[in-house]
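First comes the structure, then the notes that go with it.
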Amino acid sequence: MLARSNGKPTDWERLYLDNRRAFLACATAWCGNVDDAADLIQEAFFRQLRGGEMPENPRAYVLRSLRNLAIERRRAAHAPEPLAIDVAATLVEAKFGSDVAVERELLVHALEQLPMQQREAVLLRAVAGLTIAETAAVLEKPAGSVASAYARGIETLQRILNPELIDGRRKPGKGTRHPAHR
Amino acid sequence: MDAENLERALATQPIAEPSPMREARLLKVLHGARGSGEPPVWWRRPIPLWQAVAACIAVAFADALWLRPAHPVIRATKNVPVVVQVDGRVFEKMPRLRAAADYSSWSVLTNR
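Chains as they are written, first to last, in this note's numbering: chain A, 1 to 182; chain B, 1 to 112.
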């Protein structure tokens with residue numbers, strides 16, 4: 001039975017509005033398109049509403065529910081892999097005049113080079129804004145392995161986006177001789 | 001680009017958005033949902049399992065008391081056995097059987 005609220009946003013509405021970016025980014029990556037992602041989010045919230053009380057960590061709980069629903073749908077569609085991380089569907093072009101640092105194509109290309117585990121950790125931690133503990137709760141893995149996958153993912157992204165960097169230091173090239181040797 | 005700037009770039013990169021109509025439909029459902037900030041009315045409040053079991057036992061006990069059969073009424077009357085005497089006139093209008101009914105061996109019915 002649903003009770004009418006008195007015009008103020010309910011806790012569930014507040015949960016969605018406060019974590020909208022996280023839910024949309026992850027659901028779109030797991031589904032491959034934003035319309036399926038919206039259906040997935042609605043289904044995940046319906047399941048929570050049927051449960052009644054709000055769980056202890058609702059953001060991680062809803063995201064884990066989204067992930068499990070995406071896996072169920074792929075299994076029902078007999079997809080070859082249990083889960084996919086489609087970053088090209090998630091990240092869109094920035095509007096003209098915005099101060100986004102890196103172009104979308106570069107980011108998508110770099111993210112697609114990552115192995116699945118690292119890509120998912122970067123998606124949840126950096127794009128969706130979850131903490132390491134929340135990411136571990138969503139992926140149902142130890143926090144240590146999630147932190148390690150995330151760190152390796154960021155390092156690989158840096159290497160792909162800055163090919164002239166080796167171990168974080170700029171490789172010496174033309175015009176970059178040490179002042180003592182000039 | 002260092003790790004901090006890369007994380008900031010990932011956090012601020014725009015993401016795909018659903019249509020406003022689609023999102024409005026979801027928000028409409030969530031707006032009508034029961035939130036923990038609103039006190040539930042007493043008939044919709046979830047109760048502990050032991051309270052539900054106790055309520056079922058109380059209702060069953062009340063039903064048993066209400067629906068139990070009434071005690072037989074005891075009256076101070078003389079216990080006179082009922083005797084039914086059958087004479088031949090009862091059988092006068094009956095169709096004739098092949099053989100005459102022999103009821104000489106009939107006796108009082110007992111509950112054995």
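Backbone N, C-alpha and C fix where the C-beta goes; we use that ideal spot for every residue, glycine too.
Owing to the predicted nature of the structure, the values given are computational and were not obtained by experimental measurement.
Exercise. What is the DSSP secondary structure of Leu130 of chain A, counted as helix, strand or coil?
Worked result: Taking the first residue of the first sequence as position 1, residue 130 of chain A is located at position 130. Coil, per DSSP.
Exercise. Assuming Gly129 of chain A contacts Ala16 of chain B under a Cβ cut-off of 8 Å, what Cβ separation, rounded to an integer in Å, is found between them?
Worked result: On the first sequence, residue 129 of chain A is found 129 positions in, with the first residue counted as 1. On the second sequence, residue 16 of chain B is found 16 positions in, with the first residue counted as 1. With a Cβ gap of about 16 Å, Gly129 of chain A and Ala16 of chain B do not count as contacting.
Exercise. Which residue from A:Gln113, A:Phe46, A:Asn57, A:Gly51 puts its Cα closest to that of Asn157 of chain A?
Worked result: As a working note, residue 157 of chain A is residue 157 in the first sequence. For the record, residue 157 of chain A in the displayed sequence is Leu; it is not Asn. Relative to the Cα of Leu157 of chain A, the nearest Cα in the group A:Gln113, A:Phe46, A:Asn57, A:Gly51 belongs to A:Gln113.
Problem set entry | Bounding residues of the alpha helix (DSSP H) (the contiguous stretch that carries His31 of chain B) | Counting from 1 along the second sequence, the entry for residue 31 of chain B is found at position 31. Secondary structure note for His31 of chain B: its alpha helix (DSSP H) is the uninterrupted segment 20–31.
Exercise. How many Å lie between Arg8 of chain B and Ala126 of chain A at the Cα?
Worked result: Counted from its first residue, the second sequence places residue 8 of chain B at position 8. Counted from its first residue, the first sequence places residue 126 of chain A at position 126. CA-CA distance, Arg8 of chain B to Ala126 of chain A, rounds to 8 Å.
Exercise. Taking the continuous alpha helix (DSSP H) assigned at Thr10 of chain A, which residues delimit it?
Worked result: Here residue 10 of chain A is taken as the residue at index 10 of the first sequence, counted from 1. Note, Thr10 of chain A: premise wrong, no alpha helix (DSSP H); not H, not E.
Problem set entry | Same chain only: Cβ atoms within 7 Å of Ala121 of chain A, ignoring 5 sequence neighbours per side | For the purposes of this step, residue 121 of chain A is taken as the residue at position 121 of the first sequence. Excluding the 5 residues flanking it on each side, Ala121 of chain A has same chain C-beta neighbours closer than 7 Å at Thr135, Val146, Ala149, Tyr150, Gly153, in chain order.
Exercise. Does the region 48–55 of chain B come close enough to the region 46–63 of chain A that 3 or more CB-CB pairs lie under 8 Å?
Worked result: Short answer: they don't touch.
Exercise. Between Arg68 of chain B and chain A, is there a C-beta pair that is closer than 8 Å?
Worked result: By 1-based counting over the second sequence, the position of residue 68 of chain B is 68. Under the 8 Å criterion on CB atoms, Arg68 of chain B is classed as non-interfacial with respect to chain A.
For this session: Mind listing the chain B neighbours of Ala89 of chain A? Cutoff is C-beta to C-beta under 8 Å, in chain order.
Result: For the purposes of this step, residue 89 of chain A is taken as residue 89 along the first sequence, with counting starting at 1. For Ala89 of chain A, the residues of chain B that pass the 8 Å Cβ criterion are Ala16, in the order they occur in the chain.
For this session: Verify the CB distance criterion: does Met1 of chain B have a CB-CB separation below 8 Å to chain A?
Result: Mapped onto the second sequence, residue 1 of chain B falls at position 1. Nearest CB-CB separation between Met1 of chain B and chain A: below the 8 Å threshold.
Exercise. Under the three-state reduction of DSSP, which class applies to Pro55 of chain A: helix, strand or coil?
Worked result: Within the first sequence, residue 55 of chain A is the residue found at index 55, counting from 1. Correct three-state label for Pro55 of chain A: coil.
Problem set entry | Euclidean distance between Cα positions of Glu72 of chain A and Thr131 of chain A | What you label residue 72 of chain A is simply residue 72 of the first sequence in a count that begins at 1. What you label residue 131 of chain A is simply residue 131 of the first sequence in a count that begins at 1. Roughly 25 Å between the two C-alpha positions.
For this session: Kindly list, in the order they appear in chain A, the residues whose Cβ is closer than 8 Å to that of Arg22 of chain B.
Result: Position 22 of the second sequence, counted from the first residue, corresponds to residue 22 of chain B. Chain A residues near Arg22 of chain B: Asp35, Ala38.
Problem set entry | Buried versus exposed call for Ile57 of chain B [16 or more other C-beta atoms within 10 Å across all chains shown] | Here residue 57 of chain B is taken as the residue at index 57 of the second sequence, counted from 1. Residue burial is scored here from C-beta neighbours: Ile57 of chain B has fewer than 16 other C-beta atoms within 10 angstroms and is therefore classed as exposed.
Problem set entry | Option nearest Leu26 of chain B by Cα separation, candidates A:Leu124, A:Met116, A:Arg47, A:Ile41 | Counting from one through the second sequence, the residue named residue 26 of chain B turns up at place 26. Closest in C-alpha terms to Leu26 of chain B, from the list A:Leu124, A:Met116, A:Arg47, A:Ile41, comes A:Ile41.
For this session: Could you check the C-alpha separation between Leu107 of chain A and Leu161 of chain A for me, to the nearest Å?
Result: Within the first sequence, the letter at position 107 stands for residue 107 of chain A. Within the first sequence, the letter at position 161 stands for residue 161 of chain A. Near 8 Å, if we compare the C-alpha coordinates of Leu161 of chain A and Leu107 of chain A.
Problem set entry | the region 70–87 of chain A in contact with the region 27–46 of chain A per 3-pair CB rule at 8 Å | Touching, per the Cβ criterion.
For this session: Name the one or two DSSP bridge partners that Leu161 of chain A has.
Result: Translated into the one-based positions of the first sequence, residue 161 of chain A becomes position 161. Note: Leu161 of chain A sits in no beta bridge, so no partner.
Exercise. Glu93 of chain A: which of B:Glu4, B:Met1, B:Pro14 sits nearest, CA to CA?
Worked result: Mapped onto the first sequence, residue 93 of chain A falls at position 93. The candidate whose alpha carbon is nearest that of Glu93 of chain A is B:Pro14.
For this session: Tell whether a beta-carbon distance below 8 Å holds between Ala189 of chain A and Arg64 of chain A.
Result: Because chain A is modelled from 1 through 182, residue 189 of chain A falls outside the range shown and cannot be assessed.
Exercise. Would the beta-carbon of Glu43 of chain A fall within 8 Å of that of Leu69 of chain A?
Worked result: Within the first sequence, the letter at position 43 stands for residue 43 of chain A. Within the first sequence, the letter at position 69 stands for residue 69 of chain A. Leu69 of chain A sits close to Glu43 of chain A, with the two beta carbons spaced by under 8 Å.
For this session: Please determine, among B:Ala3, B:Ser19, B:Val108, the residue with the shortest C-alpha to C-alpha distance to Val82 of chain B.
Result: Taking the second sequence and counting its residues from 1, the one referred to as residue 82 of chain B is at position 82. The closest CA to that of Val82 of chain B, considering only B:Ala3, B:Ser19, B:Val108, is found on B:Val108.
For this session: Would you mind giving the Cβ-Cβ distance between Tyr103 of chain B and Val80 of chain B, rounded to the nearest angstrom? I have them listed as a contact below 8 Å.
Result: On the second sequence, position 103 is the one that residue 103 of chain B refers to. On the second sequence, position 80 is the one that residue 80 of chain B refers to. Their Cβ separation, rounded to whole angstroms, is 24 Å, which puts Tyr103 of chain B and Val80 of chain B out of contact at 8 Å.
For this session: Measure the alpha-carbon distance for Trp43 of chain B versus His31 of chain B and round it to whole angstroms.
Result: Sequence index remark: in the second sequence, residue 43 of chain B carries index 43 (1-based). Sequence index remark: in the second sequence, residue 31 of chain B carries index 31 (1-based). About 21 Å.
Problem set entry | Local conformation of Pro95 of chain B per DSSP, three classes | As a working note, residue 95 of chain B is residue 95 in the second sequence. Assignment of Pro95 of chain B by DSSP, reduced to helix, strand and coil, places it in the coil class.
Exercise. Run through DSSP, which three-state label would Ile15 of chain B get?
Worked result: Translated into the one-based positions of the second sequence, residue 15 of chain B becomes position 15. Ile15 of chain B falls in the strand class under three-state DSSP.
Exercise. Quick one, are the C-beta atoms of Leu200 of chain A and Ala27 of chain A less than 8 Å apart?
Worked result: Any answer about residue 200 of chain A is impossible in this case: the structure gives chain A only from 1 up to 182.
For this session: Using three-state DSSP, classify Leu83 of chain A as helix, strand or coil.
Result: On the first sequence, position 83 is the one that residue 83 of chain A refers to. Here Leu83 of chain A carries a coil assignment [DSSP, helix/strand/coil].
For this session: Return the chain-ordered list of same chain residues with a C-beta closer than 6 Å to the C-beta of Phe46 of chain A, the five sequence neighbours on each side being excluded.
Result: The residue given as residue 46 of chain A occupies position 46 in the first sequence. Contacts found: none.
For this session: For chain E, find out if any of its Cβ atoms is closer than 8 Å to the Cβ of Gln13 of chain B; answer yes or no.
Result: Structure shown: chain E not included; protein chains present are A and B.
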